[in-house]
Structures are given as C-alpha cells and as structure tokens.
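Student:
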Amino acid sequence: MSESPKRIAVILAAGAGNRIGAGINKVWLPLGGQELLTWSFKWLIDTKLFYRYVLVVHPSEHEKARSVLRAYIDAPVDLVDGGITRHDSERHALEYLAPAIESGECDLVLIHDGARPLTSPQLISEIVIAAETYGGAVPSLPTSVLTGHANQTGEIIRVQTPQVFKAQPLLNSYRKAEEEGFQGSDTAMCIEQYAPELEIMCVPGSAQNIKVTYAQDLILAEHILASHHFNLHTRSHHG
Numbered sequence: 079m080s081e082s083p084k085r086i087a088v089i090l091a092a093g094a095g096n097r098i099g100a101g102i103n104k105v106w107l108p109l110g111g112q113e114l115l116t117w118s119f120k121w122l123i124d125t126k127l128f129y130r131y132v133l134v135v136h137p138s139e140h141e142k143a144r145s146v147l148r149a150y151i152d153a154p155v156d157l158v159d160g161g162i163t164r165h166d167s168e169r170h171a172l173e174y175l176a177p178a179i180e181s182g183e184c185d186l187v188l189i190h191d192g193a194r195p196l197t198s199p200q201l202i203s204e205i206v207i208a209a210e211t212y213g214g215a216v217p218s219l220p221t222s223v224l225t226g227h228a229n230q231t232g233e234i235i236r237v238q239t240p241q242v243f244k245a246q247p248l249l250n251s252y253r254k255a256e257e258e259g260f261q262g263s264d265t266a267m268c269i270e271q272y273a274p275e276l277e278i279m280c281v282p283g284s285a286q287n288i289k290v291t292y293a294q295d296l297i298l299a300e301h302i303l304a305s306h307h308f309n310l311h312t313r314s315h316h317g
C-alpha cells in the first residue's frame with residue numbers, strides 16, 4: 079500500500095429512501111444517537127487511508143449535510159450534487175474529481191453507499207489493498223439469486239460496497255457510459271462494461287454490512303452497533 083495516500087473516498091447519499099417510510103432521506107435517520115450517514119465517515123476516517131472525502135447529496139440537502147458534518151466529522155468533506163440515478167451521482171462525483179484524477183493527484187477512488195453504516199475499517203482496508211494490487215475490488219457474499227455478479231471463479235455473488243477502483247479507468251468508463259447512455263446498477267457494472275481489462279477482485283464481505291432500506295433494517299443496525307459495545311448515545315466504544 080502506498081505510503082502517501084492518493085486515495086479519495088466518495089459517499090453516495092442522494093437517494094430519497096422512500097421505502098423506509100420515514101418521509102426523509104434515510105441517511106439522516108438516527109442511528110446510535112446521530113445521523114446514520116456519519117458512521118460511514120467514521121470508519122473511513124479511522125483507516126487513515128484517504129486524503130480527501132466527497133459526499134454526494136441532493137442540492138436541497140447541502141445545508142443539512144454541512145450541519146451534520148460540522149457536528150460529527152473531523153475532516154474536510156466536499157459536497158457534490160447528486161443525479162437522478164445512482165449512476166448519475168457517481169458520474170457527477172467523478173467529473174468533480176477529474177482534475178485530481180487526470181493530474182495524478184488521485185490514483186484510487188472508493189465509492190460507498192451512505193445507507194451502509196456498518197462497514198468496518200478492516201473491510202475498507204482489505205478492499206483498498208486488493209484494488210491497489212489488481213486494479214479493482216468489491217466486497218461480496220455468496221447468493222442464490224441468479225441476477226447477481228459472478229466472481230473470479232464463476233460463483234454467483236451478492237456485491238456490497240465500498241467498491242474501489244483505479245481512478246483513471248473508472249473516470250474513463252463513466253465518460254464512455256455517458257456517451258452511450260449506459261446506466262449501471264453499481265460501480266462494478268460500469269467497469270465490467272467499459273474497462274474489461276481491469277481485474278476486479280472479490281473480497282469476502284460482511285453479513286453485518288447491511289444496506290438500510292426498510293424500517294426493520296434500522297432496528298437491526300442498532301442491534302449490531304450495540305453488540306459491538308458502542309454506547310448508542312455518545313458513540314464511545316467500550317472494549
């Protein structure tokens with residue numbers, strides 16, 4: 079792993095989250111005494127692997143985002159307007175980062191769902207190491223659903239985030255996708271379509287790395303945090 083970080087982390091949080099039934103973007107729902115979104119930043123910052131952070135949000139939520147970030151996040155975070163789809167939001171972030179990517183300032187980009195608050199520093203580190211070695215990496219779990227991705231051995235898998243890729247091929251892929259009107263369901267799908275020469279390594283994911291989509295997911299997330307001995311009101315950890 080390179081000693082001087084040239085990596086940027088992007089968190090996607092521009093979705094409406096209608097299925098959870100709360101009437102607000104789910105990333106602003108409370109989890110462990112603070113907004114759900116802040117946990118993803120905590121794990122990323124704890125790794126010390128990134129020199130820059132980007133949050134993709136709806137234009138109407140910039141003020142809310144700044145308020146939450148000031149309260150809980152001890153790192154500078156750039157805000158980027160989200161798009162209509164997840165793919166559009168990813169493209170907006172990559173075009174925003176294009177100067178850093180094309181100058182060589184950034185050589186690796188991580189993209190993570192803001193609605194997955196329970197990733198871990200260990201998983202993030204493993205994904206980054208694999209991406210630096212192979213060019214791309216995603217966390218995955220086995221699945222019986224035939225619409226999933228296939229891993230390097232042909233096994234059908236369920237892919238999670240964070241997903242990490244070499245920056246220039248990633249940017250190039252999204253530019254080609256824009257030219258052709260392609261919309262991928264996740265970052266890896268766009269890479270598979272437009273940068274097939276880039277090897278994507280599947281790293282074992284975590285059953286606890288859930289995506290909060292429904293109300294019961296939020297309850298489960300609270301239980302998982304509690305099981306790791308986090309004080310759900312102060313965010314302190316008791317070993």
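Residues 79 to 317 (the working numbering) make up the sequence shown, in order. Ideal placement from N, C-alpha and C gives every residue a C-beta, glycine not left out. In this text the structure is predicted, and so the values were computed from the model without any measurement.
So which of W117, A143, Q238 and L186 has the shortest CA-CA distance to S263?
Tutor: For the purposes of this step, residue 263 is taken as residue 185 along the sequence shown, with counting starting at 1. Nearest of W117, A143, Q238 and L186 to S263, Cα basis: Q238.
Student: Take the Cβ of T211 as the centre, count every other Cβ of all protein chains shown within 10 Å, and call the residue buried at 16 or more, exposed below.
Tutor: Numbered from 1 along the sequence shown, position 133 holds the residue referred to as residue 211. It is exposed - the Cβ of T211 has fewer than 16 other Cβ atoms within 10 Å.
Student: Using 10 angstroms around the beta-carbon of H170, count the other beta-carbons present and answer buried if the total reaches 16, otherwise exposed.
Tutor: Numbered from 1 along the sequence shown, position 92 holds the residue referred to as residue 170. The residue is buried, with at least 16 neighbouring Cβ atoms inside 10 Å.
Student: Would you mind reading off the limits of the beta strand (DSSP E) that contains F243?
Tutor: Taking the sequence shown and counting its residues from 1, the one referred to as residue 243 is at position 165. Where F243 is concerned, the enclosing beta strand (DSSP E) stretches over Q241 to K244.
Student: With DSSP as the reference, label V72 as helix, strand or coil.
Tutor: Outside the displayed range of the chain (79 to 317) lies residue 72, so it cannot be described from this structure.
Student: What residue range does the alpha helix (DSSP H) around I123 cover?
Tutor: In the sequence shown, residue 123 corresponds to position 45, counting from 1. Here the alpha helix (DSSP H) through I123 covers L115 to T125.
Student: Around the Cβ of K104, are there at least 16 other Cβ atoms within 10 angstroms (buried) or fewer (exposed)?
Tutor: Counted from its first residue, the sequence shown places residue 104 at position 26. Answer is buried; the Cβ neighbour count reaches 16.
Student: Is any heavy atom in the ligand ADP found nearer than 6 Å to the beta carbon of L172?
Tutor: Of the ligands one can find in the structure shown there are none, so the ligand ADP has no counterpart to examine.
Student: Report the CB separation of V216 from C280 in whole angstroms; it is logged as a contact under 8 Å.
Tutor: Numbered from 1 along the sequence shown, position 138 holds the residue referred to as residue 216. Numbered from 1 along the sequence shown, position 202 holds the residue referred to as residue 280. Sure, about 6 Å apart at Cβ, within 8 Å.
Student: Near H311, what residues of its chain come up, given a Cβ to Cβ distance below 7 Å and the 5 sequence neighbours on each side ignored?
Tutor: Residue 311 sits at position 233 when you count from the first residue of the sequence shown. Reliability fails at H311, whose pLDDT of 37 lies under 50, so the model's placement of it is uncertain and no value is given.
Student: Helix, strand or coil for E256? Go by DSSP, reduced to three states.
Tutor: The sequence position of residue 256 within the sequence shown is 178, counting from 1. DSSP places E256 in helix when its eight states are reduced to three.
Student: Which whole-angstrom value describes the C-beta separation of V290 and A193, a residue pair presumed to lie in contact below a C-beta threshold of 8 Å?
Tutor: Translated into the one-based positions of the sequence shown, residue 290 becomes position 212. Translated into the one-based positions of the sequence shown, residue 193 becomes position 115. About 5 Å separates the two Cβ atoms, so the contact holds.
Student: In terms of DSSP beta bridges, what is L272 paired with?
Tutor: The sequence position of residue 272 within the sequence shown is 194, counting from 1. The amino acid at residue 272 is misidentified as Leu; the sequence shows Tyr. In the DSSP output, where bridge partners are listed per residue, Y272 has none listed.
Student: Tell whether a beta-carbon distance below 7 Å holds between I179 and Q246.
Tutor: In the sequence shown, the residue the question calls residue 179 occupies position 101. In the sequence shown, the residue the question calls residue 246 occupies position 168. Yes, these two residues count as a Cβ contact at 7 Å.
Student: Quick one: what does DSSP say Q112 is sitting in, helix, strand or coil?
Tutor: Looking up residue 112 in the sequence shown gives position 34. Strand at Q112.
Student: If the criterion is Cβ atoms closer than 7 Å, does the pair S167 and L115 meet it?
Tutor: On the sequence shown, position 89 is the one that residue 167 refers to. On the sequence shown, position 37 is the one that residue 115 refers to. The answer is no: Cβ separation not under 7 Å.
Student: Which residue marks the beginning of the beta strand (DSSP E) containing V290, and which one marks its end?
Tutor: By one-based count along the sequence shown, residue 290 stands at place 212. Taken as a continuous stretch (DSSP letters only), V290 belongs to no beta strand (DSSP E), as it is neither H nor E.
Student: If G182 sits next to L276, beta carbons under 8 Å apart, how far is it from one beta carbon to the other, in whole angstroms?
Tutor: In the sequence shown, residue 182 corresponds to position 104, counting from 1. In the sequence shown, residue 276 corresponds to position 198, counting from 1. Wrong, their Cβ atoms sit about 18 Å apart, outside the cutoff.
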